[in-house]
Structures are given as C-alpha cells and as structure tokens.
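2 protein chains.
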Amino acid sequence: MFSRKWIAAAALGSLLLAGQAMAQDKKVIAVSIPAADHGWTAGVVYHAQQAAKEINAAFPGVEVVVKTSPSAAEQVSALEDLSASRKLDALVILPYSSEELTQPVKAIKDAGTFITVVDRGLTDSSIQDLYLAGDNIAVGANTAKFMIDKLGGKGDLVVLRGIPTVIDDERIKGFQDTIKGTGLKVLDIQYAHWNSDEAFKLMQDYLAKYPHIDAVWANDDDMLLGVLEAVKQSGRTDIKLALGGNGMKDIVKKVIDGDAMTPVETPYPPSMIKTAIYMTVANLVGQAPVRGTVKLNAPLITQANAKEYYFPDSPF
Amino acid sequence: MFSRKWIAAAALGSLLLAGQAMAQDKKVIAVSIPAADHGWTAGVVYHAQQAAKEINAAFPGVEVVVKTSPSAAEQVSALEDLSASRKLDALVILPYSSEELTQPVKAIKDAGTFITVVDRGLTDSSIQDLYLAGDNIAVGANTAKFMIDKLGGKGDLVVLRGIPTVIDDERIKGFQDTIKGTGLKVLDIQYAHWNSDEAFKLMQDYLAKYPHIDAVWANDDDMLLGVLEAVKQSGRTDIKLALGGNGMKDIVKKVIDGDAMTPVETPYPPSMIKTAIYMTVANLVGQAPVRGTVKLNAPLITQANAKEYYFPDSPF
Chain W
105 MFSRKWIAAA ALGSLLLAGQ AMAQDKKVIA VSIPAADHGW TAGVVYHAQQ AAKEINAAFP
165 GVEVVVKTSP SAAEQVSALE DLSASRKLDA LVILPYSSEE LTQPVKAIKD AGTFITVVDR
225 GLTDSSIQDL YLAGDNIAVG ANTAKFMIDK LGGKGDLVVL RGIPTVIDDE RIKGFQDTIK
285 GTGLKVLDIQ YAHWNSDEAF KLMQDYLAKY PHIDAVWAND DDMLLGVLEA VKQSGRTDIK
345 LALGGNGMKD IVKKVIDGDA MTPVETPYPP SMIKTAIYMT VANLVGQAPV RGTVKLNAPL
405 ITQANAKEYY FPDSPF
Chain A
105 MFSRKWIAAA ALGSLLLAGQ AMAQDKKVIA VSIPAADHGW TAGVVYHAQQ AAKEINAAFP
165 GVEVVVKTSP SAAEQVSALE DLSASRKLDA LVILPYSSEE LTQPVKAIKD AGTFITVVDR
225 GLTDSSIQDL YLAGDNIAVG ANTAKFMIDK LGGKGDLVVL RGIPTVIDDE RIKGFQDTIK
285 GTGLKVLDIQ YAHWNSDEAF KLMQDYLAKY PHIDAVWAND DDMLLGVLEA VKQSGRTDIK
345 LALGGNGMKD IVKKVIDGDA MTPVETPYPP SMIKTAIYMT VANLVGQAPV RGTVKLNAPL
405 ITQANAKEYY FPDSPF
C-alpha cells in the first residue's frame, strides 16, 4: 500500500514537473502597445487581445502576453518588466513614440529577441526584423478615385486635415495627386486635429462660407462624425458625399447599411496588430520566414466587402 | 422506452448533422504549387505540406489543401478541379508561369476567392489580394557586403550566372552595385544555368584561366555544389570564399558547422510559401488585414542564426 501511494505520488510529481517544463518551453511573444487613449488605439488593444486569445488557443506551445502603456515612459518601463521576468522569444511593438522607444527595443533585440514593429517605425530601422504598416498615400488616393468616379469627374470639395504629421501629409498628398488634372476643386483645406468637435466647428465654417459644396473629405472617421453632425444640423442638401478614413465600426456600419452620403470607407486598420502577431507566430512556430516589410493596402470598403472590416464587439 | 430510443436517435441525428455542418463550414484554403521538379520547388512542396499539417491541427475551422502540378497546363487544370468541387475561400498560388495562370486565377478571384500570390507575379497584379516574394537584389548585395568585409576590401573574384531572367539580373545587379568603388574585381562572369554540372565545368575553366582567385560567387546553391567540387579536385589553395544563395540545407549545414570556405549563406527561402499560408489563415480566421505586399529580406545566414534556416527533413 505504501509503495502504491509512493508510486502515485512519484507519478504526480513527474506530471507536475512535465507541466512546468512545458510552461517553460512555451515560446513567449510579448505585445507592447499604447493604452486605449483614443478610438484607434482602443481598436489596437481590442485586436491584440483577440489575437492573443486565438493564438493561445490554437498553439499550445506559444504564449502571447499583451501589455498596454499610457505613455512612452511607461512603455519603456513595461519593456523592462516584460524582459526582466522571462526570456522573450519575440516582441511585437507599436511604439508610443519612435525616439524614446528605439534604445529600449534595441536592448531587447540584443538579448536575442525577434522584433516586430507595427505602424510607427523606430529611428533605427536596422533593429526591426519585421516591419508592418498601412499605406496612408493609398488612403487618400483611393478615396479621391472614388470621388472622381462618383461625382462624374467634377465638383467642389472641402477637406479637413488632422494633426501636422507624416500620416496626415501622406493622406493629403495621395488625395491631391489623384484629383490633379480632374474637375474636382478643393475650395478649402484646414486642420481640425483628428478631433470630432473641432471638425464640427470647421465644417460649420465651411458651410457658412461656401453656398455650394459637392463633397467633403474628412480624412479620418472621428472628424467625419463631426462633419456629418454639422451637415445634418445645417439642413443643407447640396452635399452628396462625406467620406472619412480608418475603418471605425460606426462608419463601416454606414457602408454596410448603404448610407447615401457615406457609401464607402478606406481602412487604416488597428487590426494590423493582429496581422503582426500572426506573422510572428508563423516564424516562431513554423520557422516561416517573415523578416522583411509588409505594406498593407487601403482597398476601398464598399457594401460588397464591408463585413470583412466590421468588428461589432470592438470599441473602434 | 420507444420515446427514449427515439430521443436518443434524434440526438444522434443532430450530432451527425452538426458534424456535417461543421465540415461544410470549414474555410478551405487551396494551395497550388509547381511539382518538385528541382531542389527549390521540392522545398516549396515540403513547406506547403508542413504548413497544411500545422494549420489543420491548430485551427479546426480551416482546411488547407495542397495540390502540386508538373506544368503550367496541369496547374490550370488543377485550379479548375479545385474550384469545381467546392467553394474556395482562399487560393495561395505560386504560378508555374505568369502568362498562362493569370486568366485562370482571375476566374477564381471573380467567384469571390481571396488570392495570395507567391514569388512569381501574375501579369495583372490587380488580381492578387496579397503578394509575397523575396528580395533578389538583397541576395546579391548582402553577399557582396560580406565579401568586401571578409576580404578586407580587395580581391579577385569569379561569378556564375543562372538562367537569363529577372531573378538572375537582380541578384547580379545587387552584387555589382555593392562592390562598385571597392577593390573587389570581377575577373569573369558567365552563365551556368543554375545547373550543378555546368557550374562544375565553368569553374574548371575559371581555374584553368586564372592562376589567382580570391573568391567565387556562385549566386545559387546548386551551382555552388559544382563549384566546390571543381575547387576540391583542383587542389588549389588560393580560393578563400565560395558562396551561393537560396538556403539549400546542405549549404546551411556547412554554415552551422563553421565551414571555412562557405561560412555564410543568403536565403531565398522556399518556406516563403508557409508565410503566405499563415497570413492567409490570419485573414480567414482572425479577420486580420493582409491585403498588400510582403517583401522578405535576405539577411545573411551566419553560424549564429543558421538554425532558423535549417530544415533537416526537407529535401532542400
């Protein structure tokens, strides 16, 4: 009886040891992202958590750990914490700012961790193994193409800009280069800082100033919400199109519902964090080569394909 | 008793129906690739089958089906067969030839299938949703950088070319642009058509013609095998480096073993088919955005990282 108990205890011990060994053998992917400080980053957090859930369920040998940080300084501390407590096989990072995160990420890379950078590049691109981002020029260009087509090649437009950044510059450049030489004319273009309230006020100014406007390009979905409210309150009927950009679920829902004023959308999807996580897993689990660069297109979201871009449970 | 039996039978019936419904609900990813007609494509077949095994085990809702074809005409028939018997949610294709496969792939796209194209592009790039390829310029450039460094910035080289194609042109361009302005001098450069025997003979010619050679760039691993044999048979000791390209397992093994003449390798990995399959799964399973372009780097494979590129069970 004693011996049988002992064997059972020994067997249990082996199981526990095996369990621990397995936990230690798991490949760890840390995902470091900004906290949900506005709609788009809230989407990033949602999709990172979804990816972790899906990957952890699908691959028993992998553990995806998601950590959000409300500032660049806190993201630097988070990286120290994540890498102090265990060896990271991979780090997927959307840096809060390029300057402050470059050296801390380099330190993790130097310890032998695979580095995937999403959206905002580091100041030293040699640190990243994989870089993945959207295409802001295409966001502007594809929106412009649709407007040219829909308005029959001519019309009076007003445009809203975001915050002066490379992102905003590229979107505007893609748009302006595409309408060049057509009958589409930009009556006015001003900054509203990716802010719904500012966009509402700016659109009210535009409406007061221009008795005829065919279309508005809000360049961003938060700003589009302000624009739509201003148009609605004005009671004006001359405005045929008001388009945004980014893939906010409220706007994608309009596209699904066949909204007349906002029949299309262009994505700069926060779900790109998920693509980066899946690709990093492909490298760790399947030894698939992923070192390189991914440039995501910004295909027009129409009623036909909108469901692919719609996440009713996401905050964004 | 009768009623209990009936309930049990009804329950079993529901289970069977549920099982059938699940099988029908599986998202199908067809993978269409050339048959294993030489080393590199044999690697493609191996990695596609590995990916199918891994994905089918990890994601119960997905079925990856791999089909190999020994010619462009047979790949066209294979596509017809694959899409006739069931709805394809996605097609991952490495086209045998661009011209013959473009229209058949377009027909599948038009039926609503997601299209991932690997390595060889179609003649109409608007058909693909995702395009993934390696970087042949980097294969040449990164090899050249290593040679410049290893030979101290000067030396006499001989180079072998493959088959006159864009692939070969890009590799050679990457190499020649990088050595420009250094003390590395190409004594001779001739075609050996990615063939081991031809490379053996060409290298014998080079050895007869040039009494002093510091390094050989074979540009491809099949050709490198011929070159190494010719050098070995000659008994010459002036040749310090003989490098290839592609990531053949025999050459990666040399790197792992610290071979003096072939201490590094550059990948153009057949395992890129696996990356394409994982990314397509990310889109189908996780709604992750993958429409766009992936350009894989050709980082130098050294003794430090060679295990990541080594597949002892692969034919290549």
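In order, the protein sequence lines correspond to chains W and A.
Here my numbering is used: the first residue of the first sequence is 105, the next is one more, and so on.
Here my numbering is used: the first residue of the second sequence is 105, the next is one more, and so on.
No residue lacks a Cβ here, since even glycine has one placed at the ideal position from N, Cα and C.
_Burial state of A:Q154 (16 or more Cβ within 10 Å)_ = Working through the second sequence from its first residue, we reach residue 154 of chain A at position 50. Label assigned to A:Q154: buried.
*Closest to W:I355 by CA distance: which of W:G257, W:Q232, W:A410, W:V394 is it?*
Locating residue 355 of chain W in the first sequence gives position 251, where the first residue counts as 1. Nearest of W:G257, W:Q232, W:A410, W:V394 to W:I355, Cα basis: W:A410.
*asked:* Determine whether the beta carbon atoms of A:T379 and W:V196 lie at a separation below 9 Å.
replied: In the second sequence, residue 379 of chain A corresponds to position 275, counting from 1. In the first sequence, residue 196 of chain W corresponds to position 92, counting from 1. No, these two residues do not count as a Cβ contact at 9 Å.
*For a contact meaning CB atoms closer than 9 Å, what does A:S375 contact in chain W?*
As a first step, residue 375 of chain A must be located in the second sequence, where it is residue number 271. What A:S375 touches in chain W: G390, Q391, A392, P393.
*Tell me whether A:R275 is buried or exposed, calling it buried when 16 or more other Cβ atoms sit within 10 Å of its Cβ.*
The residue labelled residue 275 of chain A in the question sits at position 171 within the second sequence. With 16 or more Cβ atoms within 10 Å of its Cβ, A:R275 is classed as buried.
_Interface partners of A:L383 on chain W, CB under 8 Å_ = Working through the second sequence from its first residue, we reach residue 383 of chain A at position 279. Note that residue 383 of chain A is Met in the sequence shown, not Leu. Residues of chain W passing the Cβ test: T379, Y382, M383, A386.
_Give me the chain W residues within the contact set of A:L400, using Cβ-Cβ distance strictly less than 8 Å, ordered along the chain._
Taking the second sequence and counting its residues from 1, the one referred to as residue 400 of chain A is at position 296. Those within 8 Å of A:L400 in chain W are P393, V394, R395, G396.
*When the Cα of A:D272 is compared with those of A:M327, A:T145, A:M307, which residue comes out closest?*
Your numbering for residue 272 of chain A matches position 168 in the second sequence. When only C-alpha atoms are compared, the closest one is A:M327.
*Please determine, among A:G390, A:T370, A:S375, the residue with the shortest C-alpha to C-alpha distance to A:N240.*
As a working note, residue 240 of chain A is residue 136 in the second sequence. Among A:G390, A:T370, A:S375, the Cα nearest to that of A:N240 is on A:T370.
_At the 9 Å Cβ level, is A:E274 part of the contact set with chain W, yes or no?_
Residue mapping note: residue 274 of chain A aligns to position 170 of the second sequence, counting from 1. Output row for A:E274: interface = no.
*Can you tell me which of the three DSSP states W:P208 falls into?*
Residue mapping note: residue 208 of chain W aligns to position 104 of the first sequence, counting from 1. DSSP places W:P208 in helix when its eight states are reduced to three.
*Going straight from the alpha carbon of W:Y200 to that of W:R224, what length do you get?*
Locating residue 200 of chain W in the first sequence gives position 96, counting from the first residue. Locating residue 224 of chain W in the first sequence gives position 120, counting from the first residue. Cα-Cα distance, rounded: 8 Å.
*Count the other C-beta atoms from every protein chain shown that fall within 10 angstroms of the C-beta of W:M126, then say buried if there are 16 or more, exposed otherwise.*
Residue 126 of chain W sits at position 22 when you count from the first residue of the first sequence. Unreliable placement is indicated for W:M126, whose pLDDT of 48 sits below 50; the coordinate value is still reported in the next sentence. Looking at its Cβ environment, which holds fewer than 16 other Cβ atoms inside 10 Å, W:M126 is exposed.
_Quick check on the DSSP output: the alpha helix (DSSP H) that includes W:A331 runs from which residue to which?_
Residue numbering aside, residue 331 of chain W sits at position 227 when the first sequence is read from its first letter. For the record, residue 331 of chain W in the displayed sequence is Val; it is not Ala. From DSSP, the alpha helix (DSSP H) with W:V331 extends over 325-338.
*Can you list the residues of chain A that W:Q154 reaches, using a CB-CB cut of under 8 Å?*
Counted from its first residue, the first sequence places residue 154 of chain W at position 50. Those within 8 Å of W:Q154 in chain A are G390.
*Out of curiosity, what's the CA-to-CA distance linking A:V334 and A:Q280?*
By 1-based counting over the second sequence, the position of residue 334 of chain A is 230. By 1-based counting over the second sequence, the position of residue 280 of chain A is 176. The amino acid at residue 334 of chain A is misidentified as Val; the sequence shows Ala. Straight-line Cα distance between these residues: approximately 24 Å.
*asked:* Using a 10 Å radius around the Cβ and a threshold of 16 neighbouring Cβ atoms, would you call W:S229 buried or exposed?
replied: As a first step, residue 229 of chain W is located in the first sequence; it is residue number 125 there, counting from the start. That one is exposed.
*asked:* Strictly under 9 Å for the Cβ-Cβ distance: is W:D193 near chain A by that measure?
replied: For the purposes of this step, residue 193 of chain W is taken as the residue at position 89 of the first sequence. Cβ-Cβ to chain A under 9 Å: no for W:D193.
*What do you get for A:D438, buried or exposed, if any count of 16 or more other CB atoms within 10 angstroms of its CB means buried?*
Because residue 438 of chain A is not part of the residues shown, which for chain A are 105 to 420, the question remains open.
*asked:* Please list the terminal residues of the continuous beta strand (DSSP E) segment that includes W:R265.
replied: As a first step, residue 265 of chain W must be located in the first sequence, where it is residue number 161. Unbroken beta strand (DSSP E) run through W:R265: 258-265.
*Coarse secondary structure for A:S230, derived from DSSP in three states*: Position 126 of the second sequence, counted from the first residue, corresponds to residue 230 of chain A. A:S230 falls in the helix class under three-state DSSP.
*From W:L236 to A:L234, what does the alpha carbon distance come to, in whole angstroms?*
The count along the first sequence starts at 1 and reaches residue 236 of chain W at position 132. The count along the second sequence starts at 1 and reaches residue 234 of chain A at position 130. Computed Cα separation, rounded: 14 Å.
*State the DSSP-derived secondary structure class of A:W298, mapped to helix, strand or coil.*
Looking up residue 298 of chain A in the second sequence gives position 194. The answer is coil: DSSP assigns A:W298 none of H, G, I, E or B.
*Under the assumption that W:I159 contacts W:V385 (Cβ atoms under 8 Å), give the Cβ distance between them as a whole number of angstroms.*
As a position in the first sequence, residue 159 of chain W is number 55, starting the count at 1. As a position in the first sequence, residue 385 of chain W is number 281, starting the count at 1. Yes, W:I159 and W:V385 are in contact; Cβ-Cβ is about 5 Å, under 8 Å.
*Three CB pairs or more closer than 8 Å across the segment 315-325 of chain W and the segment 257-268 of chain W*: yes
*asked:* Output needed for A:L311: all residues of its chain with C-beta closer than 7 Å, excluding positions within five of it in sequence on either side, in chain order.
replied: Within the second sequence, the letter at position 207 stands for residue 311 of chain A. A334, S338, R340, listed in sequence order.
*What residue does the alpha helix (DSSP H) around A:L183 start on, and which one ends it?*
Position 79 of the second sequence, counted from the first residue, corresponds to residue 183 of chain A. Residues 176-189.
*Look up A:K171 in the DSSP assignment and say whether it is helix, strand or coil.*
To locate residue 171 of chain A, count along the second sequence from 1; it is residue 67. If DSSP states are grouped into helix, strand and coil, A:K171 belongs with the strands.
_Does A:V149 come out as helix, strand or coil in the three-state DSSP assignment?_
Counted from its first residue, the second sequence places residue 149 of chain A at position 45. Here A:V149 sits in helix by DSSP.
*Reducing DSSP to helix, strand and coil, say where A:D272 ends up.*
Numbered from 1 along the second sequence, position 168 holds the residue referred to as residue 272 of chain A. Here A:D272 sits in helix by DSSP.
*What number of angstroms, rounded off, separates the C-alpha of W:I405 from the C-alpha of A:N299?*
Start at 1 with the first residue of the first sequence, and residue 405 of chain W comes out as number 301. Start at 1 with the first residue of the second sequence, and residue 299 of chain A comes out as number 195. Cα to Cα, the separation comes out at about 48 Å.
*Check whether the Cβ atoms of A:T397 and W:K399 lie closer than 9 Å to each other.*
Looking up residue 397 of chain A in the second sequence gives position 293. Looking up residue 399 of chain W in the first sequence gives position 295. Against a cut-off of 9 Å, the Cβ pair of W:K399 and A:T397 comes out as a contact.
*Grouping DSSP H, G and I as helix and E and B as strand, with all else coil, what is W:K157?*
For the purposes of this step, residue 157 of chain W is taken as the residue at position 53 of the first sequence. Looking at W:K157 - three-state DSSP - the assignment turns out to be helix.
*asked:* Tell me the rounded alpha-carbon separation between A:L186 and A:K130.
replied: Numbered from 1 along the second sequence, position 82 holds the residue referred to as residue 186 of chain A. Numbered from 1 along the second sequence, position 26 holds the residue referred to as residue 130 of chain A. When rounded, the distance between both Cα atoms is 15 Å.
*For W:F163, which residues in chain A fall below 9 Å Cβ to Cβ?*
Residue 163 of chain W sits at position 59 when you count from the first residue of the first sequence. Those within 9 Å of W:F163 in chain A are E158, A162.
*Could you tell me which chain A residues have their CB closer than 8 Å to the CB of W:P403, listed as they occur along the chain?*
As a first step, residue 403 of chain W is located in the first sequence; it is residue number 299 there, counting from the start. Residues of chain A passing the Cβ test: R395.
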